[in-house]
Amino acid sequence: MSSIKSSKIRLSDLILKILINIAAAFSVVLLIGILAYVFLKGIGSVNLTFLTTVTSTLKGTVGIAGNIVNTLYIIVITLLIATPLGVGSAIYLNEYAKPGKLVRAIEFTTETLSGIPSIIFGLFGMMFFGTGLGLGYSILTGALTLTLMVLPLITRNTQEALKTVPDSYRSGALGMGATKWYMIRTILLPSAMPGIVTGIILAIGRIVGESAALLFTAGSGYLLPKGGMGILKKILESGGTLTIQLYLSMAKAEYSTAFGIAVILLLIVLFINWITKVLAKKLDVNNME
Amino acid sequence: MNGQESFSIIGNRKQKSAVEKAAQGIFTLCAFIAILAVASITAYMIMNGTPALFKVGVKEILFGTLWKPTAAGPSFGILYVILTSIIGTTLAVILGVPIGLFTAIFLAETAPKRLAAVVKPAVELLAGIPSVIYGLLGIMVLNPIMYKLELAVFKNSETHQFTGGANLLSAVLVLAIMILPTVINISESALRSVPPQLKSASLALGASHIQTIFRVILPAAKSGIVTAIVLGVGRAIGEAMAITLVSGSSVNIPLPFNSVRFLTTAIVSEMGYAAGVHRQVLFTIGLVLFVFIMIINVTLNKILKKGDVEQ
C-alpha cells in the first residue's frame, strides 16, 4: 500500500481535472470569440451617419438614430413606472409585512414573474395593454409590458439592500421618536440606495437586450419623433428598439446593419457590466462599516 | 438635519397618522402588483388560449401532426411543435449542464484565484449578451457549419429536404450555450454552500480533492444543482428570438437535421400575419408554453422548500 502522502495521481482524477479545465476554458473562449467576431464584422458599419440618421431609401442612408431614441424612451418610461412599484413592494415585504400566507404569495408570484419567458409577456402585453386598453402597438404598450418583467429584479435587489441595513439604524430612528415613514424616507432609502441603483441598472440591461416581449407590443417603427408635441406623441406611436431592428435586419438578410447594431448593443452590455461591478464594490464598502 | 424639517421629526399627531397610514397603504398596493400581474397573465392566457381548443378540437390541435394554418382546408396540429420544444430543451440541457457544472466546480473548487477572476466575469458577460445576438451568430457561424455536415450526412439521400443548416441541431447548440450562465451561477453557489467540515472530513480520510468533489461535495449540493437544471430548462424552453431564424422555418418531426418550429418560434414567426382561428391557435401554443413554465415554477418552489426543511 502506498502512503497517504505519496503524490501518485489517479488516472480518473487526471481526466476529470482536465475536463473541468476544458469546461472552464470554454466560456472564456466563447466570449472572446463572440466579441471578436461581432466587432470585426460590425465595426465597419458603425459611423456617424449610421448613428445619427434614419434609414431612408430616398436619401440612401442606413441609420439607427430612431431605434436609439426608441430604446431610450422605453428605458425611461419603464423605469419611471417600475422603480417606485418595485421599491415600494420591497419596503412592504421587508418593513411592514408579517411572515404568513400573504408574504409567501407575494414572494411566490415575484419568483414566478421572473421565470415567465418574455414571449409570454409579449403576448399578454399585446392583448392586455395593446388590445384591451386600446394602446395598440406603441412605446407605452412596450414599456408597460417590460414594467412587469423588470419588477422582480428591482424588488429583489431593493430587498437585499434593505436586509443589509442594520436594525440599530431602525431602532435608533424610531427610538428618537421618528415615525416609520420618516425613518424609511431618511434612513432606510438612503442606506439602501446602492442596491436600488444596482437593480435599476440590471433592469436597464434587461430592457436593452429584450426583444421577444417588444416585437408585438412596441412594434417596429424606426422614425425619429417630430419636435414639439411630437416628442410626447411618440409615446403612443410604434417604436422598435435596437434589438428589434437587429432582428428585423437579420430576417431581411441585411447583415451589415445587423452587425452594426450588435456592436452598439455589446458596447452597452460591457458598460452596464462594468458599472454594476463598481456599484457592487461600493455596496461592499458600505457593509463593512 | 436640513432646515425645513428641523423643527420636529415627529410632526403633528393627526397628520402623522394619516401619512403613516397612506404610506403603508401605498407600499401594500405595490406589493400586490406581482400577485395581480401573475393572476391576470394566467387569466389572459387561459381566456385566449382555450377558444381554439373548443373550435378545432383538443385532440386535433394537441395530437395533430399536420400544421397547415393558411391552407384552404386548414389543419392546426401542433404535436411536432410541442415535441420539438421538449426534445430541443432536453438535448440543450444534456449538452449544457455538464459543461456548466464542470465550470461551476472549477470556480468553486479547483481554480487558482487568478484564473477564476477571468472565468467568472466571462460567464457574467455571456449572461448579458442579448438573445438576438446569439441568433445572429447562430445564423452566420453555426448554420454554415451545420449545412456542410448536412451535405456530408445526406449525400446519398433522395428524400431529405435540405435546410441550409437551419435545423434542430443548430438551435440546440445555441440553447445549450444560452443556459450556461444560469447553470454555472446557481450550481456554483450550491457548491459553495456545502459545509466545509464535509470536505475536510473526506480529505482527512485520504480521498483526493477530485474524489472529494465528485463523491462528497456534489451529492451534498444535490438540491442546488437540481435547481440549476430546472432553471436551465425554464430558460431553454422559453427562449424565442435567438432560435427563431436558426431553427428553420417549417414544422417537422424533431430530427437533428430537420427544419423545426419550437413553441416560442411558432409564435414569433406567425403572430405578425395570423388572423382568425390561426391566431387563436397561436395563443393556444402560448398557453401550452405557459403550462410548461408553471409546472417548472411549482417544481422549483417545491425543491427550494424541501431544501429549506433539510437545512
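Chains as they are written, first to last, in the numbering used here: chain A, -11 to 277; chain B, -4 to 306.
Heads up, the beta-carbon is just placed ideally off N, CA and C, and yes, glycines get one too.
No experiment lies behind these values; they were computed from the predicted model shown.
The continuous beta strand (DSSP E) containing A/G51 extends over residues T49 to I52. With a cutoff of 7 Å on beta-carbon distance, B/I134 and B/L61 are scored as not near each other. Taking 7 Å as the CB threshold, B/P107 stays off the interface with chain A.
Residues are counted here when their Cβ sits less than 9 Å from a Cβ of chain A; for the region 209 to 227 of chain B these are F209 and L226, given in chain order.
At least one CB atom of chain A sits nearer than 7 Å to the CB of B/S203. Contact check for A/Y61 and A/I223: beta-carbon distance about 7 Å, within the 8 Å limit, so the pair qualifies.
About 7 Å separates the Cβ atoms of B/I298 and B/V225, confirming a contact at the 8 Å cut-off. Look at A/K86 here: in three-state DSSP terms it is coil, with no helix or strand label.
Excluding its 5 nearest sequence neighbours in each direction, A/I65 has C-beta neighbours in its own chain below 6 Å: A131, listed in chain order. Note on the region 116 to 152 of chain A: there is no whole beta strand (DSSP E) run with a minimum of 3 residues. Taking the Cα positions, A/L212 is about 12 Å away from A/L39. Annotation: B/T65 is outside any beta strand (DSSP E) and is labelled neither H nor E by DSSP. According to the DSSP secondary-structure assignment, B/S70 is paired through a beta bridge with B/K63. With fewer than 16 other Cβ atoms from the protein chains shown falling within 10 Å of its own Cβ, B/T154 counts as exposed.
Assignment of beta-bridge partners to A/V42 by DSSP yields A/I52. Excluding residues up to 5 positions away in sequence, G160, S165, L168, V169 and V241 lie with their Cβ nearer than 8 Å to the Cβ of B/L137 in the same chain. Take A/F117, set aside five residues on each side of it, and the residues of its chain with a beta-carbon closer than 8 Å to its own are L123, L128, T129, L132, T133 and T205, in chain order. The C-alpha of A/S156 lies about 11 Å from the C-alpha of A/L176. Between A/G163 and A/M171, the alpha-carbon positions lie close to 10 Å from each other. Taking a Cβ-Cβ threshold of 7 Å, the residues of chain B close to A/A250 are I128 and L131, in chain order. Counting only Cβ-Cβ distances below 7 Å, A/V185 has no contacts in chain B at all, with the closest Cβ about 17 Å away. The beta carbon of A/P182 sits closer than 8 Å to those of A149, L267, K270, L271 and N274, all from its chain and outside the five residues before and after it, given in chain order. For the 7 Å CB-CB criterion, B/N296 and B/N162 do not form a contact.
Between B/P93 and A/W262, the alpha-carbon positions lie close to 29 Å from each other. In terms of CA proximity to A/T186, A/V138 leads the group A/V138, A/I31 and A/G103. For A/Y210, none of the residues of chain B pass the 7 Å Cβ criterion, the least Cβ distance being about 16 Å. Nearest Cα to B/N292 within the set B/A38, B/G52 and B/I232: B/I232.
Contact annotation, B/T84 with B/V228: C-beta distance approximately 6 Å; criterion of less than 8 Å satisfied.
Closer than 7 Å to the CB of B/F287 there is not a single CB belonging to chain A.
A residue is called buried when at least 16 other Cβ atoms come within 10 angstroms of its Cβ; B/N151 does not meet this threshold and is exposed. Between the alpha carbons of B/L121 and A/I20 lies a distance of about 10 Å. Under a criterion of Cβ atoms nearer than 8 Å, the residues of chain A adjacent to B/T259 are, in order, P105, I107 and A200. Scanning its chain for C-beta atoms nearer than 8 Å, with the 5 sequence neighbours on each side dropped, one finds around B/V51 the residues F71, V272 and V276, in chain order. Interface with chain B (7 Å Cβ-Cβ cutoff): A/Y80 is included. Under the DSSP assignment, A/Q233 falls in the alpha helix (DSSP H) whose first and last residues are L230 to A239.
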